[in-house]
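If you read the sequence shown in numbering that gives the first Met the number 0, its first letter stands for residue 0, the second for the next number, and so on.
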Amino acid sequence: MKRAIAGSLESNDVLITVKESNCLNITVKSIVYDFFHREIEKVIRDTLAELGIDKIDVVCEDKGALDYTIKARLLVAIARMEGQK
């Protein structure tokens, strides 16, 4: 099973883990979960929609990252996963 990560658990960053799946599953863990979990999930869903991906498992471990950082880490993780043989 293909799996990849991008990012870190440093402050203001996010660690994104992606792996192959038969369905879409998004898990968000965040230090600001109570305030921003819907927005974080929306960034992930919108990015996946742009890429035409509807079957993937995404785990987002957020340490206060901004939207563009979440998107960038997700894009890199997906590219790494797709690059595996």
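Backbone N, C-alpha and C define an ideal beta-carbon position, used for all residues, glycine too.
With a threshold of 16 other CB atoms inside 10 Å of the CB of K10, please say whether the residue is buried or exposed.
Lys is not the amino acid found at residue 10; the sequence shown has Ser there. Burial call: exposed.
Which stretch, first to last residue, makes up the alpha helix (DSSP H) that contains K70?
Taken as a continuous stretch (DSSP letters only), the alpha helix (DSSP H) holding K70 covers D66 to G82.
Which residue wins for smallest C-alpha separation from I30, given the options G63, L74 and R79?
Considering only G63, L74 and R79, the residue with the shortest C-alpha distance to I30 is G63.
Need the endpoints of the beta strand (DSSP E) that I25 sits in, please.
L23 to S29
Per DSSP, which one or two residues make a beta bridge with D12?
Bridge partners of D12: none, in fact.
Using the beta-carbon count (16 or more within 10 Å), is A78 buried or exposed?
It counts as exposed.
Is the CB-CB distance between I69 and V13 below 7 Å?
yes
Using the Cα positions of R72 and G6, report the straight-line distance between them to the nearest angstrom.
6 Å
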